[in-house]
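Trainee: This is the structure, below, for whatever I ask next.
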């Protein structure tokens, strides 16, 4: 796979033992998937937060580790986001690729980051 | 003077404002990307790294862990788990330099961290006062 601007960050996470090879490739796949779906070029400015969170969260899912539940107020804000429906569609597609049937509490946080990412994209 | 650098992923400006408000002339604060901020600590240009994210254990510290290693980093709050003074005091005493917390705990985490860090700074300046 061709090198991408976000690979440096993912390599740092992998080399420091925060993610394994499988998650490294899964998140690289996510980056390309989002670029294809949105037409945007992902870089440090627009997706450092998204890529970092997805990588660490995917590793937690792989290890079967839990994360606490998102607070209700924050959860309601995520669900009210104008990008929520699209974000949920993209997220479920990616989770299916990972064979994750139930992301548990992680799902709300993943959705939050995707909503923020989509809302910050320049309008086309 | 405690030199604090705000990295992490969320609420950076708010955290920096809080640090300035709580620390006044006793602190110097900068805001950078997570990786740049962690590099500043590694190079000795900053004493501590503050990072915030939605879970307290992802984007808040991932960059710092990558640059500084797990041994210098600690999550002081997570969803549903508020920051704890004893845990922060212990982490600072152990020499931890990077502190992560959730966006829901910015006020309490920064207040406790500043209190503990400034107290340590004062003790280092004047050990006999302890």
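Residue numbers (this note's numbering), protein chains in the order written: chain A, 69 to 192; chain B, 68 to 197.
C-beta atoms are modelled at their ideal positions from N, C-alpha and C, and glycine is treated no differently.
Is residue 82(B) close to chain A, meaning its C-beta is less than 9 Å from at least one C-beta of that chain?
Mentor: Chain A, which has no Cβ nearer than 9 Å to the Cβ of residue 82(B), makes this no.
Trainee: What's the call for residue 123(A), buried or exposed, on a 16-neighbour Cβ count within 10 Å?
Mentor: Buried, by the Cβ-count rule.
Trainee: Within 9 Å of any Cβ in chain A, is that where the Cβ of residue 91(B) sits?
Mentor: no
Trainee: Could you name the residues of the stretch 170-182 of chain B whose beta carbon sits closer than 9 Å to any beta carbon of chain A, in the order they occur along the chain?
Mentor: 170 and 171
Trainee: Listed in chain order, which residues of the stretch 144-170 of chain B have Cβ atoms closer than 7 Å to some Cβ of chain A?
Mentor: 145, 146, 147 and 148
Trainee: If you scan the stretch 114-152 of chain A from start to end, which runs of the alpha helix (DSSP H) of 4 or more residues do you find wholly inside it?
Mentor: 140-148
Trainee: What are the start and end residues of the beta strand (DSSP E) that includes residue 97(B)?
Mentor: 94-98
Trainee: Strictly by DSSP, which residues pair up with residue 142(B)?
Mentor: Beta-bridge annotation (DSSP): residue 142(B) is paired with 167(B).
Trainee: Going by C-alpha distance, which of 81(A), 144(A), 170(A) and 165(A) is nearest residue 183(A)?
Mentor: 144(A)
Trainee: At 9 Å on the CB atoms, spell out the chain B contacts of residue 99(A), in chain order.
Mentor: For residue 99(A), no chain B residue has a C-beta closer than 9 Å to its own C-beta; the minimum C-beta separation is roughly 16 Å.
Trainee: For residue 107(A), does the count of other Cβ atoms within 10 angstroms reach 16, so buried, or fall short, so exposed?
Mentor: exposed
Trainee: Once the 5 residues before and after residue 96(B) are set aside, which same chain residues still bring their CB inside 7 Å of it?
Mentor: 71, 73, 83, 86 and 87
Trainee: Between the stretch 134-165 of chain A and chain B, which residues of the former have a C-beta closer than 8 Å to a C-beta of the latter?
Mentor: Listed in sequence order: 135, 136, 137, 138, 139 and 142.
Trainee: Kindly indicate which three-state DSSP category residue 148(B) falls into: helix, strand or coil?
Mentor: If DSSP states are grouped into helix, strand and coil, residue 148(B) belongs with the strands.
Trainee: Alpha carbon to alpha carbon, how far is residue 133(A) from residue 85(A)? Give it in angstroms, no decimals.
Mentor: 16 Å
Trainee: Measure from the C-beta of residue 77(A) to each C-beta in chain B and report whether the shortest distance is under 9 Å.
Mentor: Interface residue (Cβ-Cβ distance to chain B less than 9 Å): residue 77(A) is classified as such.
Trainee: Compute the beta-carbon to beta-carbon distance between residue 118(B) and residue 131(B), rounded to the nearest angstrom, for a pair I have assumed lies under 8 Å.
Mentor: 6 Å
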